[in-house]
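Just below is one structure, and these are the notes that go with it.
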Amino acid sequence: MQRLKYVLSEVLVGLWRNVTMTVAMIITMAVSLAMLGASGLMYLQVNSMKDFYYDQIEVAIFLNNDVTDQQRSALDEALKGDPVVAEVIYESKEQAYEKFKTMYADAPDLVNAVEPGQLPESFRVRLKNPEQFQEINDKYKSNEGVETIVDQQRLLDKIFNILGSVQNMALLAATVMAIAALLLVGNTIQVAAYSKRREVAVMKLVGASNWFIQAPFVLEAVVAGLIGSIIAFLGLVLGKWFLLDGSLRDLTELLTPLSWSDVLLMFPLMAGVGGLVSAVTAWVTLRFYLRV
Numbered sequence: 513m514q515r516l517k518y519v520l521s522e523v524l525v526g527l528w529r530n531v532t533m534t535v536a537m538i539i540t541m542a543v544s545l546a547m548l549g550a551s552g553l554m555y556l557q558v559n560s561m562k563d564f565y566y567d568q569i570e571v572a573i574f575l576n577n578d579v580t581d582q583q584r585s586a587l588d589e590a591l592k593g594d595p596v597v598a599e600v601i602y603e604s605k606e607q608a609y610e611k612f613k614t615m616y617a618d619a620p621d622l623v624n625a626v627e628p629g630q631l632p633e634s635f636r637v638r639l640k641n642p643e644q645f646q647e648i649n650d651k652y653k654s655n656e657g658v659e660t661i662v663d664q665q666r667l668l669d670k671i672f673n674i675l676g677s678v679q680n681m682a683l684l685a686a687t688v689m690a691i692a693a694l695l696l697v698g699n700t701i702q703v704a705a706y707s708k709r710r711e712v713a714v715m716k717l718v719g720a721s722n723w724f725i726q727a728p729f730v731l732e733a734v735v736a737g738l739i740g741s742i743i744a745f746l747g748l749v750l751g752k753w754f755l756l757d758g759s760l761r762d763l764t765e766l767l768t769p770l771s772w773s774d775v776l777l778m779f780p781l782m783a784g785v786g787g788l789v790s791a792v793t794a795w796v797t798l799r800f801y802l803r804v
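Using our numbering, read the sequence shown as starting at 513 and increasing by one per residue.
Below, the structure written as structure tokens:
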């Protein structure tokens, strides 16, 4: 019990003795962990968006302006009997125009520039497996009455490739900040150990074990890492509350909702990484120091 009290008291004294470096270590750790948590949330968000949007993917088969009723009926029958097709919806020129007006209601000049009969009629086809677009394309592109076939997945893939690049950039930035945090943790522990070098030397002379000497320093780094993870988590909570659910809500309509459960999931991840990485860094630093 006395040893535990000694270790805890030394942790508090160590944190206060080097308060400036401790604050710098906590802030650096908090920024690094916040970026790690944000990249983790972005990863979950992109996967959620993929599941949602890929499930809504349609293949649009646009028809020629001079398509005949017979060609249209033959294509409709063929699509509905195709084993890879889950659903077929016919969209007339009038329906296409009404849909166009709804989609671009905020751009009246664009709507006024398009005549009701200018938009082509089409078949909107949902596949059982969105990856089978090429099979549909090869099968129906040469059919009479077909002008062109468009796969929405190709458009979505470009968007998700951009989001994937943003993910990688956020992860890279978090990694750089993590390295900076590790260097700062190691430097802080070295300074703390140097300031107590006489006490450490005496403890070694009287036979104190390495773990007993190292424990206060390691716990000091762990406490700083955990405080940093709490600050980082609060940053994520405030970001969702005031940005995603607040001022930027109208700008994120295309995003699937970010649930609080995903945000809460980031806390044990950040706390675990912050505490473990700080502990390992402090232990490795002290291993070299105590061998001197």
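The C-beta atom is built at its ideal place from N, Cα and C for all residues, glycine as well.
Which stretch, first to last residue, makes up the beta strand (DSSP E) that contains residue i?
| i | result |
| --- | --- |
| V571 | 571-575 |
| V597 | 597-603 |
| V623 | That residue, V623, is in no beta strand (DSSP E); its alpha helix (DSSP H) goes 620-624. |
| E659 | 658-663 |
Is the beta carbon of residue j closer than 8 Å to that of residue i?
| i | j | result |
| --- | --- | --- |
| P620 | I569 | no |
| I573 | V658 | yes |
| T540 | A693 | yes |
| A682 | S544 | no |
| S585 | A608 | no |
| L798 | F729 | yes |
| D653 | P632 | One point to set straight first is that residue 653 is Lys, not Asp, in the sequence displayed. Result no, Cβ atoms of K653 and P632 do not sit closer than 8 Å. |
| V535 | F645 | no |
| V579 | D588 | no |
| A546 | A744 | yes |
| Y882 | Q679 | For residue 882 there is no data in the structure shown, the boundaries of the chain being 513 and 804. |
| K752 | V789 | no |
| E603 | R636 | yes |
Give me the DSSP bridge partner(s) of residue i.
| i | result |
| --- | --- |
| L639 | V597 |
| S634 | F574, E603 |
Please return the same chain residues whose Cβ sits closer than 8 Å to the Cβ of residue i, not counting the five positions on each side in sequence.
| i | result |
| --- | --- |
| E647 | V596 |
| G787 | V734, G737, L738, S741 |
| K613 | V623 |
| A807 | In the structure as shown, the chain starts at 513 and stops at 804, and residue 807 therefore has no counterpart that could be examined. |
Kindly indicate the opening and closing residues of the alpha helix (DSSP H) around residue i.
| i | result |
| --- | --- |
| F645 | 645-652 |
| A617 | It is not in any alpha helix (DSSP H) - A617 carries neither H nor E in the DSSP assignment. |
| D588 | 581-592 |
Taking only beta-carbon atoms, is residue i less than 8 Å away from chain D?
| i | result |
| --- | --- |
| S771 | Considering every chain present, this structure includes no chain D. It has just one protein chain. |
Go through its chain and collect everything with a Cβ distance to residue i's Cβ below 7 Å, but skip five positions before and after it.
| i | result |
| --- | --- |
| I739 | I538 |
| T660 | F574 |
| Y518 | Note that Y518 scores 48 on pLDDT, short of 50, meaning its location in the model is unreliable and no value can be drawn from it. |
| M533 | T700, V703 |
Counting only the same chain and skipping the five closest in sequence on each side, list residues whose C-beta sits under 6 Å from that of residue i.
| i | result |
| --- | --- |
| L548 | A686 |
Does at least one heavy atom of the ligand ZN sit under 7 Å from the Cβ of residue i?
| i | result |
| --- | --- |
| L622 | As for the ligand ZN, it is missing from this structure, which has no ligand bound. |
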